[in-house]
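As given, the protein sequences belong to chains G and A, one line each in that order. Each residue of the first sequence is one higher than the one before, starting from 0 at the first, in numbering that gives the first Met the number 0. Each residue of the second sequence is one higher than the one before, starting from 0 at the first, in numbering that gives the first Met the number 0.
There are 2 protein chains.
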Amino acid sequence: MRKVIVQKFGGTSVSDTDKIKNVAKIVIKEKENGNDVVVVVSAMGHTTDYLVKMAKELSPMPSGREMDMLLSTGEGVSIALLAMAIQAQGYEAVSFNAMQVGIITENVHSKARIINIKTDKLRQNLKEGKIIVVAGFQGVTEDGEITTLGRGGSDTSAVALAAALNAERCDIYTDVEGVYTTDPRVVPNASRLESISYEEMLELAHAGANVLHPRSVETAKQFHVPLRVRSSFKLDNLGTLILGVDKMEIYRPVAGVAADLSQTRIVVCDVPDKPGVAAKIFSKLAKEHISVDMIIQSYARKISNTNDIAFTIDTNDLPKTVTALEELKSEIGATGDIQVDENIAKVSIVGAGMIDRPGIASTMFETLADLNINIRMISTSEIKISCLVDKDQAERAVKALHKVFELESDEVADVKGDLPNV
Amino acid sequence: MRKVIVQKFGGTSVSDTDKIKNVAKIVIKEKENGNDVVVVVSAMGHTTDYLVKMAKELSPMPSGREMDMLLSTGEGVSIALLAMAIQAQGYEAVSFNAMQVGIITENVHSKARIINIKTDKLRQNLKEGKIIVVAGFQGVTEDGEITTLGRGGSDTSAVALAAALNAERCDIYTDVEGVYTTDPRVVPNASRLESISYEEMLELAHAGANVLHPRSVETAKQFHVPLRVRSSFKLDNLGTLILGVDKMEIYRPVAGVAADLSQTRIVVCDVPDKPGVAAKIFSKLAKEHISVDMIIQSYARKISNTNDIAFTIDTNDLPKTVTALEELKSEIGATGDIQVDENIAKVSIVGAGMIDRPGIASTMFETLADLNINIRMISTSEIKISCLVDKDQAERAVKALHKVFELESDEVADVKGDLPNV
Chain G
0 MRKVIVQKFG GTSVSDTDKI KNVAKIVIKE KENGNDVVVV VSAMGHTTDY LVKMAKELSP
60 MPSGREMDML LSTGEGVSIA LLAMAIQAQG YEAVSFNAMQ VGIITENVHS KARIINIKTD
120 KLRQNLKEGK IIVVAGFQGV TEDGEITTLG RGGSDTSAVA LAAALNAERC DIYTDVEGVY
180 TTDPRVVPNA SRLESISYEE MLELAHAGAN VLHPRSVETA KQFHVPLRVR SSFKLDNLGT
240 LILGVDKMEI YRPVAGVAAD LSQTRIVVCD VPDKPGVAAK IFSKLAKEHI SVDMIIQSYA
300 RKISNTNDIA FTIDTNDLPK TVTALEELKS EIGATGDIQV DENIAKVSIV GAGMIDRPGI
360 ASTMFETLAD LNINIRMIST SEIKISCLVD KDQAERAVKA LHKVFELESD EVADVKGDLP
420 NV
Chain A
0 MRKVIVQKFG GTSVSDTDKI KNVAKIVIKE KENGNDVVVV VSAMGHTTDY LVKMAKELSP
60 MPSGREMDML LSTGEGVSIA LLAMAIQAQG YEAVSFNAMQ VGIITENVHS KARIINIKTD
120 KLRQNLKEGK IIVVAGFQGV TEDGEITTLG RGGSDTSAVA LAAALNAERC DIYTDVEGVY
180 TTDPRVVPNA SRLESISYEE MLELAHAGAN VLHPRSVETA KQFHVPLRVR SSFKLDNLGT
240 LILGVDKMEI YRPVAGVAAD LSQTRIVVCD VPDKPGVAAK IFSKLAKEHI SVDMIIQSYA
300 RKISNTNDIA FTIDTNDLPK TVTALEELKS EIGATGDIQV DENIAKVSIV GAGMIDRPGI
360 ASTMFETLAD LNINIRMIST SEIKISCLVD KDQAERAVKA LHKVFELESD EVADVKGDLP
420 NV
């Protein structure tokens, strides 16, 4: 039986007709390898920004339903153009939007989750030898309402299609060459990882490495879909393969270092040391859809019988968070301030290999101490250690950790784009 | 029971967000009149040209299916934006593409005909008090393939929706103020007609007046849908109402004068005067999808027992026509040349009132004779008389006929755009 390969191309890979021709070549090459090919594409380049701009001109708060109707047109353009470009090379191709395929999602706008993908039409067209081009990012409810999947949606579409079709692999083509040991814009001799486990990738993604959206990695992990991240423009480079930790040999304790500059630290001071207080705070925040990352509760002060609860949130959620906490303050009997510190960064080391190798955490802490970088909070998981440091120390911390865990490459990574604000 | 009004806005009426806001106001005003409103919109301004340009960059002959996938995205944008603009004014609105409504067409790309329109979703949403915005120009086959309706498609969508919903009226908003007695760019004091019959409108449309596509008028006539053509920008002007001839009082013998400069005259000389020759010629042309307009067969010459067959075609079809006739020449035994004359214009007068008023034709011929304009062919229908004249005489002919049939207005029509090439 022929193998199915799902390929996904993001907006920068299809931003003009020349780039679409390049994508057509990549797609045809995979077909020529003897595989059945399903291609998922995003909207062209800045289409989405342009559509959002017009919507904002018409309404300060456009309805989610109409926004999804609007944005889904972006992929409608790119799928048809790519199908034409493939046909122009003499291959059979057919494009489908999410409604035509039956990419069924829950009835939620702007961030729907995929429930089910119908495969009859896809399998029939693959059987007829056609290359199939599917619109990413979009879905449809059982009632025929158009939805979109939110950030990283096209990656998720591709992985979900790969799972539904029992694909051999899902290749995510993008403008970076793979997953690096850290952001190559910060550390020019960061190494590209040949392979990484889903778990490590998830921690790196959450830790601020913007290669793949965590949702797509979660989906790949859940359905055991091997994912490859590679460049649309440098085809001699195979990128990074992301797969189950059971399928890879862990040869290194630390896979990568990441910094996340988008968090803010909140401290709720002098809350009574009694059961249920933390639960009240975090259930209130959950109700407001505020994601909390690191959480530290201090030991109770003997005299006042109070403690401090510190946690980090996404800086975008700051106004909502402060409002929610002010509302809650008297209810929980907090007598102190609510302190807000935006001048922080979360620096993390990630590696499935650290599970059975002691001393990784202490090496991290010592490295930061040697640089005279103060650690303000620590959190750990089985395969990650994160330290909260001052924002202006993040770059030094990343560079030193990258070096001490021997992640450097002999080559300087070729990256485009501006340095992130570290 | 509330009345349903269908409104249609073309590309120039929704070409930017300010114009979309203007359309929202017109829509809301109709809703405030106590009617249920269904709005049909075309793609914004030059969207279609832009999409076609990209398609041409990718493929010299893009497949019809993918072209329809591509072009249908244009209305996807305008329907969502208009729904948002209506919502921003505090009214409930919902947009649907053709697939969501169920505007079912035959399985033909780029010029599909509507077979059926499902009305359950529309009626349900109208019942809920919502203003419905529907994508014009597009349809879907029973198998879920996206189709487009070809030239004048959005007008046809609007009329078909009005028929399906048993609407009170279908208002076509456009950039002209209505149907005029002749092209106001040629005759500045042309009068706007307050009403005109479907039949007259069809003849005027075929005769070259570009206000409405004949297909939409045919559909309106078939389903007895009153049509109003009016300006999106001058709302104090009610435009022109198009309705059944049985419902209007015919107070004028001639409703309008039109010139069509897009035709070419073909003469097949010296064909044998025997049965079946004309049939062979015109069935061959029909097979090649070449529409023939005026046809004249001369009296047979007694000596040679041959005659000439002359007819007019759309100039765009000229190369196809010549090829087809050359192929046919020996088969039908034509011994003469195939003459081609592009330097012609068809000037027509149209009026349901001419049926029972003699002397209209002679007035037309005399008027042209007085101007020393040679009539090269004549064809007549119940409500139209067309004369073929030299192209450079068309403007003089139109002006004189407009005057002799007393079609002038006291006011000078306010029109934009360049003079057509007369």
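All C-beta atoms, glycine included, are put in the ideal place defined by N, C-alpha and C.
For the alpha helix (DSSP H) containing residue i, name the first residue and the last one.
i, result
"residue 195 of chain G", "Looking at the DSSP string, residue 195 of chain G is not in any alpha helix (DSSP H); the run it does join, the beta strand (DSSP E), is 194-196."
"residue 98 of chain G", "97-100"
"residue 17 of chain G", "16-31"
"residue 53 of chain A", "46-57"
"residue 154 of chain A", "152-163"
Taking DSSP's pairing of strands, which residues face residue i in a bridge?
i, result
"residue 382 of chain G", "Per DSSP, none; premise fails for residue 382 of chain G."
"residue 311 of chain G", "G/264"
"residue 176 of chain G", "Answer is none; residue 176 of chain G lacks a bridge partner."
"residue 138 of chain G", "G/146"
"residue 296 of chain A", "A/308"
"residue 377 of chain G", "G/386"
"residue 257 of chain A", "A/347"
"residue 94 of chain G", "G/132"
"residue 184 of chain G", "According to DSSP, residue 184 of chain G bridges with nothing at all."
"residue 39 of chain A", "A/7, A/133"
"residue 229 of chain A", "A/172"
"residue 291 of chain A", "A/312"
Within 10 angstroms of its Cβ, does residue i collect 16 or more other Cβ (buried), or is it exposed?
i, result
"residue 197 of chain A", "buried"
"residue 150 of chain A", "exposed"
"residue 338 of chain G", "exposed"
"residue 227 of chain A", "buried"
"residue 282 of chain G", "exposed"
"residue 61 of chain A", "buried"
"residue 420 of chain A", "In this prediction, residue 420 of chain A has a pLDDT of 34, which is less than 50 and means its spatial position is unreliable; nothing more can be read from the coordinates."
"residue 31 of chain G", "exposed"
"residue 64 of chain A", "buried"
"residue 415 of chain A", "Residue confidence is low: residue 415 of chain A scores 47 on pLDDT, short of 50, so the model does not pin down where it sits. Its coordinate-derived value is still stated next. Counting Cβ neighbours within 10 Å, residue 415 of chain A comes out exposed, since fewer than 16 surround it."
"residue 172 of chain A", "buried"
"residue 0 of chain G", "exposed"
Is residue i helix, strand or coil by DSSP?
i, result
"residue 76 of chain A", "helix"
"residue 234 of chain G", "coil"
"residue 340 of chain A", "strand"
"residue 402 of chain G", "helix"
"residue 269 of chain G", "strand"
"residue 124 of chain A", "helix"
"residue 211 of chain A", "coil"
"residue 409 of chain A", "coil"
"residue 396 of chain G", "helix"
"residue 111 of chain G", "coil"
"residue 11 of chain G", "helix"
"residue 418 of chain G", "The predicted position of residue 418 of chain G is uncertain, since its pLDDT is 38 and thus under 50; a value taken from the coordinates is nonetheless stated next. Looking at residue 418 of chain G - three-state DSSP - the assignment turns out to be coil, as it is neither helix nor strand."
"residue 224 of chain A", "coil"
"residue 368 of chain G", "helix"
"residue 189 of chain G", "strand"
"residue 334 of chain G", "coil"
"residue 64 of chain G", "helix"
"residue 116 of chain G", "strand"
"residue 103 of chain A", "strand"
"residue 83 of chain A", "helix"
"residue 167 of chain G", "coil"
In terms of residues, what are the limits of the beta strand (DSSP E) holding residue i?
i, result
"residue 353 of chain G", "Where residue 353 of chain G is concerned, there is no enclosing beta strand (DSSP E), given that its DSSP letter is neither H nor E."
"residue 390 of chain G", "Segment: none, residue 390 of chain G is in no beta strand (DSSP E) and carries neither H nor E."
"residue 8 of chain G", "3-8"
"residue 239 of chain G", "239-242"
Q. Which residues, taken in chain order from the region 152-173 of chain A, show a beta carbon closer than 7 Å to some beta carbon of chain G?
A. none
Q) At a Cβ cut of 8 Å, what residues of the region 37-57 of chain G count as close to chain A, listed as they run along the chain? A) 50, 53, 54, 56, 57
Q) Which residues, in order along the region 4-24 of chain G, keep a beta-carbon less than 9 Å from a beta-carbon of chain A? A) 15, 16, 17, 19, 20, 23
Q: Check distances from the C-beta atoms of the region 332-345 of chain G to those of chain A and list, in chain order, the residues that come in under 7 Å.
A: none
(Q) By the 7 Å beta-carbon criterion, what residues does the region 123-143 of chain G contribute toward chain A? (A) 143
Q | Contact residues within the region 364-398 of chain G, judged by C-beta distance below 9 Å to chain A | A | none
Q: Pull out every residue of the region 57-73 of chain G whose Cβ sits closer than 9 Å to any Cβ of chain A, in chain order.
A: 57, 58, 59, 60, 61, 62, 64, 65, 66, 67, 68, 69, 70, 71, 72, 73
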